[in-house]
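Reviewing the structure listed below.
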Amino acid sequence: MKKPFTIDAPRFQELITFTFRVLLFWYIIAALLEAVLPGFVTLSIDLDLFLWAVILLGVLQFVTNTYSR
Amino acid sequence: MMHTMTKLDGMRVAKGIIFVFPVAVFLSLLLQYMAWSGDLALEYDFSKEPTFVSEWYPSDRVTDRLTNERNHRSFQEIHGEPVYVDVEVPRAFEWVDMTVTYRNPEHPIVNAGIVANKNPWTVEYHPLQNTIIDEALIEWDEPVTEGLTTLLQASDAEQFESVDTFLEQVPDSATVGTYFYNRRYERIQSDYKKQSGELEVPYTLLGTHEFATYIKDEPLHAEFGFVDMNQTAGTDPIKVEVFDGDVLIHEELLDDDGVTGVGESSAERKLLVHLEGLPEGVYRYNVVVSDDIAITALTTQQHKFVAGGAVHTIDSKRYQGAVSGVAPKATRLLTNSPFVDLVAPEPGSLQTVRVNGERVELRSAGKRVHQVTNTSGLSVVRIPESDVQVLTQGFFAFTEESFFDPDGPLRPMTIEDELADFDYLLYHDYTPPRADGNRLTQTVPLTLAGLPIDRKNVTFALEAPYIDDAQHVLGVENVLFQFQRQQFVDRLMQRIKGEL
């Protein structure tokens, strides 16, 4: 029988780091796009909320990294 | 080994989802920005700071954003008019449906529209709400509809089976209230007889004016004199259009004379309209010019000749130097309108105007002063120092003998009217707003294609005539703009076909 996908601390930490990097990359892209094409992102997405999500993930990543050392 | 693979696959899947999700969002934003589907909806409910849809302005005609404590709905209250809202869109669209959700406890007429040109400022209004019609739809008989035009008939009035039959036989004694009905009513004046001689308008007029005249077995003849005052920079072309009903039958153009220096007034230029063989009826001249152009002479061979809508005479001290031959003198106008609106454009033109002998003080430049005329015949408006813009919903004559009423029993409804004042109502392209308790919702379809404006930054307008004088308010809770253009694929196919 196939075991269900489980996540342990290092993998959770890896996933958070990966998510943070992806979102940070897309936030930079979104902010640049918005500066060049006003409304491209903000017609549908609140850039401030997006930034808060990135900051929270950054903090979470920092905390999990510090905790694992 | 199997266990590691499962973990590895799970992690890969999770990372894959995290990676792919923003890409999908980006693609969806790209399609939306390009208006791939041809649609874009922008909504503003006044609860947050505005982004692409602004708040209503100017601030002296609206309140700040307010919140209803009971239902927690945000709104802006409109107490002056017209008010505007700006909408920014990433692409140029061809059409837009403007949906307004509002509360209107008591104001009878509200219109919404689009700023179709910002220089000169031109707003194309459409019906939003007319409570006189709403009441008639409940209390009167079934409406008679022809295309987008609707006729409502009071139960005790003579009944007509079609709009055309009605317009051919409008009873002379009837009162017909119109709303956005722009097709001119062609009233045959059975007692009309042509007269020899010329009629001269004894005043100098400023800017765009509309005139109406009547002919029977005679040529349509008018000679205009124009002076370009060059008070502002830029060219000032002159256009005179002649309409038979709502059909443009003739157009005369005068390009700018080439004198464009500010303050350098040009010499008077003449423009003649002479058309023979026209059938009997009402004809209208539309003189389309900027406010830099003075109509210094107007002579016609017709003896019935009136101005419609608005008249601005400038035989005043302010224009004495700007136009040669202009000397200060009083203006005397006669009108059949139930009211006149008076606007002194500059502090120097503030004065006391007399309407049927009654004093009307103009104390503030640019402010419209509304004066009910309260007379069944012609009202006399006397402006001692001229340079006051006079607006009506009827017609002005410059002498008693030259007055005639081109519209006959048809007159636009005003906020002072009640349903009992009318025998018939005639209106174009209007259905009452949808009601949800006290909240009303109305959608106004507007065309953007072909407008000489930046179609990525569109200004919409809302007017509720004389809402400030009546001390009424409108609470706007929500505005939704549904922009439309051709789908990207259709545009592409059209372009490819065009290339082939």
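Going down the list, the sequences are from chains A and B.
With the numbering used here applied, the first sequence closes on residue 408, and no number is skipped along the way.
With the numbering used here applied, the second sequence closes on residue 530, and no number is skipped along the way.
Every residue gets a Cβ at the ideal spot worked out from N, C-alpha and C, and that includes glycine.
The model shown is predicted, which means the values in this text are computed figures rather than measured ones.
Which runs of the beta strand (DSSP E) fall wholly inside the segment 130-193 of chain B and span at least 3 residues, in chain order? 139-148, 151-160, 174-176 and 179-183
- Query: Along the chain, which unbroken stretches of the alpha helix (DSSP H) at least 4 residues long are found entirely within the segment 265-297 of chain B?
  - Reply: none
Exercise for review: Could you tell me whether any non-hydrogen atom of the ligand ZN is closer than 7 Å to the CB of A142 (chain B)?
Suggested key: Inclusion of the ligand ZN in the displayed structure is not the case, the ligand content being empty and no account of it being possible.
Exercise for review: Give the straight-line distance between the Cα atoms of H342 (chain B) and F56 (chain B), rounded to the nearest whole angstrom.
Suggested key: The C-alpha of F56 (chain B) is placed about 57 Å away from the C-alpha of H342 (chain B).
Please confirm whether E15 (chain B) and K486 (chain B) have their CB atoms less than 8 Å apart. Residue 15 (chain B) falls outside the range modelled here, since chain B spans only 31 to 530, and no answer is possible.
| For N404 (chain A), which of helix, strand or coil comes out of DSSP? | helix
Count the other C-beta atoms from every protein chain shown that fall within 10 angstroms of the C-beta of L372 (chain B), then say buried if there are 16 or more, exposed otherwise. buried
ask   = In whole angstroms, what is the alpha-carbon distance linking G207 (chain B) and K334 (chain B)?
value = Spanning the two alpha carbons is a distance of roughly 24 Å.
Rounded C-alpha distance that separates H251 (chain B) from I245 (chain B):
Put simply, the backbone Cα of H251 (chain B) is about 10 Å away from that of I245 (chain B).
Length of the line joining the Cα atoms of M31 (chain B) and L363 (chain A): Reliability of the predicted coordinates at M31 (chain B) is poor, the pLDDT of 45 falling under 50, and no value is obtained from them.
Hey, would you say G237 (chain B) sits closer than 8 Å to I323 (chain B), going by beta carbons?
-> Yes, these two residues count as a Cβ contact at 8 Å.
Exercise. So the beta strand (DSSP E) P442 (chain B) belongs to, where does it begin and stop?
Worked result: L440 to P442
Open item on the list: Assuming the contact rule is C-beta atoms closer than 8 Å, A142 (chain B) and L167 (chain B) should be a hit. Round their C-beta distance to whole Å, please.
Closed with: Going by Cβ atoms, the distance from A142 (chain B) to L167 (chain B) rounds to 20 Å, so no, they are not a contact pair.
**OP:** At 4 residues or longer, and completely inside the segment 501-530 of chain B: list those alpha helix (DSSP H) runs for me, N to C.
**Re:** 518-529
Open item on the list: Per the DSSP calculation, D466 (chain B) is bridged to which residue(s)?
Closed with: B:R469
Subject >> Straight-line Cα distance separating P375 (chain B) from F210 (chain B) >> reply: 28 Å
Q. Between B:Q401, B:W66 and B:D417, which lies nearest to Q423 (chain B) when the distance is taken from Cα to Cα?
A. B:Q401
Neighbour list for E118 (chain B) in chain A, Cβ cutoff strictly below 8 Å = The contacting residues are P377 and G378.
| message | If you reduce the DSSP assignment to three classes, tell me which class T358 (chain A) lands in. | response | T358 (chain A) sits in a helix when the DSSP states are folded into three classes.
Check your understanding: Looking at the C-beta of T403 (chain A), does it have a partner C-beta in chain B at a distance below 8 Å?
Key -> no
Exercise for review: Could you tell me which chain A residues have their CB closer than 8 Å to the CB of Q514 (chain B), listed as they occur along the chain?
Suggested key: Neighbours of Q514 (chain B) on chain A: none; closest Cβ ~16 Å, over 8 Å.
- Who pairs with P475 (chain B) in a beta bridge, going by DSSP? B:D127
For a test of the three-state rule: what should DSSP assign to F51 (chain B), helix, strand or coil? helix
Practice prompt. Report yes or no: is there a C-beta of chain B within less than 8 Å of the C-beta of T356 (chain A)?
Written response: no
* **the segment 70-100 of chain B: positions lying closer than 7 Å to chain A by Cβ** => Cβ contacts with chain A: T81 and F82.
Self-check item: Length of the line joining the Cα atoms of W170 (chain B) and E188 (chain B)
Solution: 13 Å
Q. Relative to the C-alpha of R521 (chain B), which residue among B:A146, B:S67 and B:G46 is closest?
A. B:S67
Check whether the segment 484-501 of chain B touches the segment 110-129 of chain B, counting contact only when three or more Cβ pairs, one atom from each stretch, lie closer than 8 Å. yes
Exercise. Give the single residue among B:W125, B:Q62, B:P88 and B:F428 whose Cα lies nearest to the Cα of L481 (chain B).
Key: From the listed residues B:W125, B:Q62, B:P88 and B:F428, the smallest Cα separation to L481 (chain B) is found for B:W125.
Secondary structure of A369 (chain A), DSSP reduced to three states: helix
Exercise. What span of residues does the alpha helix (DSSP H) with R103 (chain B) cover, start to end?
Worked result: Taken as a continuous stretch (DSSP letters only), R103 (chain B) belongs to no alpha helix (DSSP H), as it is neither H nor E.
Notebook entry, point to check: Can you find a C-beta in chain A that's less than 8 Å from the C-beta of M128 (chain B)?
Noted result: no
message = For G537 (chain B), count the other beta carbons within 10 Å of its own beta carbon; 16 or more makes it buried, fewer makes it exposed. Which is it?
response = Since the first and last residues shown for chain B are 31 and 530, residue 537 (chain B) lies out of range.
My output table needs one value for F56 (chain B): the three-state DSSP class, helix, strand or coil. helix
Review point. Taking Cβ positions only, does M31 (chain B) come closer than 8 Å to chain A?
Key: Here the model assigns M31 (chain B) a pLDDT of 45, short of 50, so the residue's position is not dependable and the matter cannot be decided.
- Item | Alpha-carbon to alpha-carbon, R362 (chain B) and F425 (chain B) | 14 Å
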